[in-house]
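Chemist: All the letters of the sequence shown, read from the start, carry residue numbers 452 to 580 under the working numbering.
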Amino acid sequence: MRSTNHRVLVVDDIADNLFLLQTFLESEGYIVETALNGKAALDKIEQTDPDLVLLDIMMPGLNGYEVTRQVRQHERFASLPIVLLTAHDEYFQRPYREVGANDLIRKPIDFDELLNKVASYTRPHSRVA
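1. Just the C-alpha distance for Arg-574 and Glu-484, rounded to the nearest angstrom, thanks.
2. Report the CB separation of Val-462 from Asp-507 in whole angstroms; it is logged as a contact under 8 angstroms.
3. Just the C-alpha distance for Arg-434 and Ile-465, rounded to the nearest angstrom, thanks.
4. If we ignore side chains and look at the alpha-carbon of each, how far apart do Gly-515 and Asn-456 end up?
5. If I measure Cβ to Cβ from Arg-520 and keep anything under 7 angstroms in the same chain, skipping five residues before and after, which residues do I get?
6. In whole angstroms, what separates the C-alpha of Arg-527 from that of Asp-467?
7. Just tell me which of Asp-502, Thr-537, Ile-482 and Leu-555 has its CA closest to the CA of Ala-529.
8. Within its chain, find whatever has a CB closer than 8 angstroms to the CB of Leu-513; leave out the 5 residues flanking it on each side and keep chain order.
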């Protein structure tokens with residue numbers, strides 16, 4: 452178990468995915484907030500000031516790209532690490548950095564890859580104030 456106290460916001464429109472990621476990350480010592488859609492994600496980012504956002508791309512309403520663009524418009528969150536999640540090949544091929552995301556993880560999620568990326572983006576030096 453990694454002892455962290457870092458806050459991770461997980462955003463996915465499928466409740467089972469949220470539950471799985473929340474349970475897994477909490478078992479590793481992370482504080483996990485969840486949101487079921489893009490609007491809720493923006494609200495949670497404002498309210499909880501997470502250390503990292505894991506953000507599904509394909510969601511109704513505001514998709515992951517739109518949420519990322521809106522987050523990047525706020526100076527307060529300019530350095531907030533955002534890792535996009537996708538099961539769709541066409542999104543995996545797109546340049547995620549163009550919308551302001553830091554990284555991309557393919558679904559189904561490889562949990563070793565997830566842990567490594569979460570740890571790398573929640574290190575104290577990884578977020579510039």
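Where is the CB? At the ideal position from N, CA and C, for every residue including glycine.
Modeler: Judging by the given coordinates:
1. 18 angstroms
2. 6 angstroms
3. For the chain, the structure presents residues 452 to 580; residue 434 sits outside this window and is missing.
4. 25 angstroms
5. Val-550 and Gly-551
6. 31 angstroms
7. Asp-502
8. Asn-488, Gly-489, Lys-490, Ala-492, Leu-493 and Gln-521
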